[in-house]
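Novice: Sequence order for the protein chains is Y and Z.
First residue of the first sequence: 22, per my numbering; consecutive thereafter.
First residue of the second sequence: 105, per my numbering; consecutive thereafter.
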Amino acid sequence: MFAAPGIAARDLVWTLVRTDFKTRYHGTVGGFVWALLKPVSMFAVLLGVFSYIFASDAQYKVDLIIGLFLYEFFQEATKTGLLSLKAKGYLLTKARFPSWVLIVSSASNALITLTLFSVVLVLFLAMSGHPPSLAAVGLYTIYVLLFFVIATGFSLAASVLFLRYRDLNQVWEVVTQAGFFVAPIVYPIGVLPERLHKFLYIWPPTPVILFARGVLVDGRAPSLLGHALLCGEAAAVLALGALIYRAHAPRVAEAL
Amino acid sequence: MRRRVVLEASRVSKAFEIPQSRRDTVRAHALDLFRRRPTERLDVLRDVSFALSAGESLGLMGRNGSGKSTLLKIASGIYAADEGRVRAHAAITPILELGIGWNPDLDAIDNIELLGTVMGMTLRELRGATDRILEFAGLERFARLELRHYSSGMAARLAYAVAFHAVRDVLLLDEIFAVGDAEFKLRCHQRYRELHASGRALLLVSHDPKAVAQFCDRALLLEQGRIVLEGPASAVAAGYLELLTAASDAAAS
Numbered sequence: 022m023f024a025a026p027g028i029a030a031r032d033l034v035w036t037l038v039r040t041d042f043k044t045r046y047h048g049t050v051g052g053f054v055w056a057l058l059k060p061v062s063m064f065a066v067l068l069g070v071f072s073y074i075f076a077s078d079a080q081y082k083v084d085l086i087i088g089l090f091l092y093e094f095f096q097e098a099t100k101t102g103l104l105s106l107k108a109k110g111y112l113l114t115k116a117r118f119p120s121w122v123l124i125v126s127s128a129s130n131a132l133i134t135l136t137l138f139s140v141v142l143v144l145f146l147a148m149s150g151h152p153p154s155l156a157a158v159g160l161y162t163i164y165v166l167l168f169f170v171i172a173t174g175f176s177l178a179a180s181v182l183f184l185r186y187r188d189l190n191q192v193w194e195v196v197t198q199a200g201f202f203v204a205p206i207v208y209p210i211g212v213l214p215e216r217l218h219k220f221l222y223i224w225p226p227t228p229v230i231l232f233a234r235g236v237l238v239d240g241r242a243p244s245l246l247g248h249a250l251l252c253g254e255a256a257a258v259l260a261l262g263a264l265i266y267r268a269h270a271p272r273v274a275e276a277l
Numbered sequence: 105m106r107r108r109v110v111l112e113a114s115r116v117s118k119a120f121e122i123p124q125s126r127r128d129t130v131r132a133h134a135l136d137l138f139r140r141r142p143t144e145r146l147d148v149l150r151d152v153s154f155a156l157s158a159g160e161s162l163g164l165m166g167r168n169g170s171g172k173s174t175l176l177k178i179a180s181g182i183y184a185a186d187e188g189r190v191r192a193h194a195a196i197t198p199i200l201e202l203g204i205g206w207n208p209d210l211d212a213i214d215n216i217e218l219l220g221t222v223m224g225m226t227l228r229e230l231r232g233a234t235d236r237i238l239e240f241a242g243l244e245r246f247a248r249l250e251l252r253h254y255s256s257g258m259a260a261r262l263a264y265a266v267a268f269h270a271v272r273d274v275l276l277l278d279e280i281f282a283v284g285d286a287e288f289k290l291r292c293h294q295r296y297r298e299l300h301a302s303g304r305a306l307l308l309v310s311h312d313p314k315a316v317a318q319f320c321d322r323a324l325l326l327e328q329g330r331i332v333l334e335g336p337a338s339a340v341a342a343g344y345l346e347l348l349t350a351a352s353d354a355a356a357s
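1) Would you kindly check if the distance between the Cβ of Z:Ala-267 and the Cβ of Z:Ile-199 is under 8 Å?
2) Answer with buried or exposed for Y:Pro-152, where buried requires no fewer than 16 other C-beta atoms within 10 angstroms of its C-beta.
3) Since Z:Lys-118 sits in a beta bridge, which residues does DSSP pair it with?
4) Quick check on DSSP: helix, strand or coil for Y:Met-148?
5) Go to Z:Leu-324, then tell me how far its beta strand (DSSP E) extends in each direction, as first and last residue.
6) Counting contacts by CB-CB distance shorter than 8 Å, is Z:Met-223 in contact with chain Y?
7) Return the first residue and the last residue of the alpha helix (DSSP H) that Y:Asp-84 is part of.
8) Using only CA atoms, which one of Z:Asp-151, Z:Glu-217, Z:Pro-123 lies nearest to Z:Thr-143?
9) For Y:Met-22, name the three-state secondary structure that DSSP assigns.
10) Please identify the residue among Y:Val-66, Y:Ala-179, Y:Arg-45 whose C-alpha is closest to the C-alpha of Y:Leu-264.
11) Quick check on Z:Ser-180: buried or exposed, where buried means 16 or more other Cβ atoms within 10 Å of its Cβ?
12) Thinking just about the alpha-carbon of each residue, which of Y:Arg-45, Y:Ser-139, Y:Leu-246 is nearest to the one in Y:Asn-130?
13) Look at the Cβ atom of Z:Arg-248, then the Cβ atom of Z:Asp-211, and state whether they are nearer than 8 Å.
14) Nearest-angstrom Cα distance between Z:Arg-236 and Z:Met-258?
15) From what residue to what residue does the alpha helix (DSSP H) around Z:Ala-286 run?
16) Looking at chain Y, which residues of the region 254–284 of chain Z have a Cβ within less than 7 Å of any of its Cβ atoms?
17) What residues from chain Y crowd round Z:Thr-210, counting only those whose CB sits closer than 7 Å?
18) Just the C-alpha distance for Z:Ala-241 and Y:Thr-227, rounded to the nearest angstrom, thanks.
19) Beta-carbon of Y:Phe-183 versus every beta-carbon of chain Z: anything under 8 Å?
20) Work out the CA separation of Z:Gly-232 and Y:Ala-24 for me, nearest whole Å.
21) Nearest to Z:Ser-157 by alpha carbon, out of Z:Leu-218, Z:Cys-320, Z:Arg-189?
22) Tell me which same chain residues have a C-beta within less than 8 Å of the C-beta of Z:Leu-111, skipping the five on either side of it?
23) Z:Glu-177: which of Z:Leu-149, Z:Arg-167, Z:Val-340 sits nearest, CA to CA?
24) Is there a C-beta anywhere in chain Z that falls below 8 Å from the one on Y:Met-22?
25) Tell me, please, which residues DSSP counts as bridged to Z:Glu-334.
26) Would you please verify whether the beta carbon of Y:Pro-271 is less than 8 Å from any beta carbon of chain Z?
27) Which complete alpha helix (DSSP H) runs does the region 217–265 of chain Z hold, if anything under 4 residues is left out?
28) Does the Cβ-Cβ distance between Z:Ile-182 and Y:Thr-162 come in under 8 Å?
29) Does the beta carbon of Y:Thr-36 come closer than 8 Å to any beta carbon on chain Z?
Here's what the structure looks like:
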């Protein structure tokens, strides 16, 4: 119960995001530089290496980098989301506040990294003579937000289930490792028979990665149906996650 | 005139299922899919009712394992009751499980913001209160020290200080006055009296009959999850001592 519920809740989210960031990068100016440097240096390294290995296909390396970063975001966001209640459980036994705040804010670090990467990527594309249009950047932003919604939906369910199934993180790690090869990150989706494509699209990283590449690199927007399906998928994952969360949330503090 | 009830618990019961075997992984659940797991039922609270009014200081006494802490968690809304219900008509600030609950990698100021916002304060309020909180805890010199370097006593003092400043209408305290040196205890006593005098409602869990008699208007005695005595604080404190004496006599014989 907050005196000024809106402001206090906003301040709580902000404090969680800020302290998470600070814990991760040790709160120094150097720490912020590290946070900034990680996506930039990774981008540079991958670009350098892939330019050498895949010298004949300039587009492949950019496609690959986009896939790697988006997948890295998904892996990181779902992993920290799954562990969020356990990790921040000490706050839950202190006061009454909605525990979903901890889950939703847990992906903030991953989102910051992805945002910085996206800026670097757009700058790189612009400098290499293929600047994406404003509409393309807008669509890409929507895909990232939908991806965030999907990761959050998963985390809502997984974080409460993790308190009952303590090896869920191990299981999820194996799933995301296998999922890396389900999503067309290292291979073009065209190498697989067409009839399999619809199954690949069920795995959320697949449509997000393909759509992002489509608008940023190819300058080609996916179909309206594709967009509708992605929105539907995000809504479904969020709704299911919220349902599972709601069923378990009242007993979360007891299960810690 | 009857005073406004700010917190009421009616017929609250709570039991914990204590499993006889561990089964907390996907693997274990998959292997034991069709086997029932034997559990033991531990009734922690049975049919407990009480009401706390604005301006009142209520004591909650009981031996270890009598259900005090569980009742406090249910009253705070942190645990859910199995039966019965708790209704809060004002903002509740609990101080529970002191000493733990900090981010060890952050300094005192960041931790104050973290705990304070969790307790429902805004950052604006917190920034205005940070100096007073540190002063209350006697930790001004250690404001920029990471919590990992704090002793458990220092961390507990900080938790008290934050909660004492975060309280709006109702303060629930588990074993207050149990930390710190004489000077800090005195400050806590003072602050407690100030809150009481300003019309806040206070619920104090304690083992200490003297503290309950001194700081509470009324008290409850819990024994095996039931309220066995309710009345003026000094009478309940005496009842608690009798209960202890009876228990130790029974153990001796």
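From the three backbone atoms N, C-alpha and C, an ideal C-beta is built for every residue, glycine too.
Specialist: Reading it off the structure:
1) Taking the first residue of the second sequence as position 1, residue 199 of chain Z is located at position 95. Taking the first residue of the second sequence as position 1, residue 267 of chain Z is located at position 163. Yes, these two residues count as a Cβ contact at 8 Å.
2) As a position in the first sequence, residue 152 of chain Y is number 131, starting the count at 1. So Y:Pro-152 ends up on the exposed side.
3) By 1-based counting over the second sequence, the position of residue 118 of chain Z is 14. Answer by DSSP bridge pairing, in chain order: Z:Leu-149.
4) Sequence index remark: in the first sequence, residue 148 of chain Y carries index 127 (1-based). It is helical.
5) Residue mapping note: residue 324 of chain Z aligns to position 220 of the second sequence, counting from 1. Here the beta strand (DSSP E) through Z:Leu-324 covers 322–327.
6) On the second sequence, residue 223 of chain Z is found 119 positions in, with the first residue counted as 1. Cβ-Cβ to chain Y under 8 Å: yes for Z:Met-223.
7) As a working mapping, residue 84 of chain Y is identified with position 63 in the first sequence. 79–108 is the span of the alpha helix (DSSP H), which, as asked, contains Y:Asp-84.
8) For the purposes of this step, residue 143 of chain Z is taken as residue 39 along the second sequence, with counting starting at 1. Cα-wise, what sits closest to Z:Thr-143 is Z:Pro-123.
9) The sequence position of residue 22 of chain Y within the first sequence is 1, counting from 1. Confidence at Y:Met-22 is low in this model, with a pLDDT of 39, below 50, so the placement of that residue should be treated as unreliable; the coordinate-derived value is given next. Of the three classes helix, strand and coil, the one that applies to Y:Met-22 here is coil, per DSSP.
10) Counting from one through the first sequence, the residue named residue 264 of chain Y turns up at place 243. That would be Y:Ala-179, whose Cα lies nearest to the Cα of Y:Leu-264.
11) Taking the second sequence and counting its residues from 1, the one referred to as residue 180 of chain Z is at position 76. So Z:Ser-180 ends up on the buried side.
12) Translated into positions along the first sequence, residue 130 of chain Y becomes position 109. Y:Asn-130 has its Cα closest to that of Y:Arg-45, out of Y:Arg-45, Y:Ser-139, Y:Leu-246.
13) On the second sequence, position 144 is the one that residue 248 of chain Z refers to. On the second sequence, position 107 is the one that residue 211 of chain Z refers to. Cβ atoms of Z:Arg-248 and Z:Asp-211: closer than 8 Å.
14) For this step, residue 236 of chain Z is matched to residue 132 along the second sequence. For this step, residue 258 of chain Z is matched to residue 154 along the second sequence. For Z:Arg-236 and Z:Met-258, the distance between alpha carbons rounds to 16 Å.
15) Numbered from its first residue, the second sequence carries residue 286 of chain Z at position 182. Note, Z:Ala-286: alpha helix (DSSP H), 286–301.
16) Arg-272
17) For the purposes of this step, residue 210 of chain Z is identified with residue 106 of the second sequence, where counting begins at 1. The displayed chain sequence assigns Leu, not Thr, to residue 210 of chain Z. Chain Y residues near Z:Leu-210: Thr-40, Lys-43, Thr-44.
18) Looking up residue 241 of chain Z in the second sequence gives position 137. Looking up residue 227 of chain Y in the first sequence gives position 206. The straight-line gap from Cα to Cα measures roughly 53 Å.
19) The residue you call residue 183 of chain Y lines up with position 162 of the first sequence. No, because no Cβ of chain Z sits closer than 8 Å to the Cβ of Y:Phe-183.
20) Position 3 of the first sequence, counting from 1, holds the residue named residue 24 of chain Y. Position 128 of the second sequence, counting from 1, holds the residue named residue 232 of chain Z. Note on Y:Ala-24: pLDDT 45, under 50, position unreliable in the model; the coordinate value appears next. When rounded, the distance between both Cα atoms is 16 Å.
21) Translated into positions along the second sequence, residue 157 of chain Z becomes position 53. Among Z:Leu-218, Z:Cys-320, Z:Arg-189, the Cα nearest to that of Z:Ser-157 is on Z:Cys-320.
22) Locating residue 111 of chain Z in the second sequence gives position 7, where the first residue counts as 1. So the qualifying residues of the chain are Ala-155, Leu-156, Ala-179, Val-190, Arg-191, Ala-192, His-193, Ala-194, Ile-196, Val-274, Ala-305, Leu-307.
23) Here residue 177 of chain Z refers to the residue found at position 73 when the second sequence is read from its first residue. The amino acid at residue 177 of chain Z is misidentified as Glu; the sequence shows Lys. It is Z:Leu-149.
24) Within the first sequence, the letter at position 1 stands for residue 22 of chain Y. Any reading at Y:Met-22 needs caution, since the residue's pLDDT is 39, under 50, leaving its predicted position unreliable; the model's value is listed next. At least one chain Z Cβ lies under 8 Å of Y:Met-22.
25) Residue mapping note: residue 334 of chain Z aligns to position 230 of the second sequence, counting from 1. Answer by DSSP bridge pairing, in chain order: Z:Leu-324.
26) In the first sequence, residue 271 of chain Y corresponds to position 250, counting from 1. Yes, contact with chain Z.
27) 227–241
28) Residue numbering aside, residue 182 of chain Z sits at position 78 when the second sequence is read from its first letter. Residue numbering aside, residue 162 of chain Y sits at position 141 when the first sequence is read from its first letter. Taking 8 Å as the Cβ cut-off, Z:Ile-182 and Y:Thr-162 do not qualify as a contacting pair.
29) Numbered from 1 along the first sequence, position 15 holds the residue referred to as residue 36 of chain Y. Yes - at least one Cβ of chain Z is within 8 Å of the one on Y:Thr-36.
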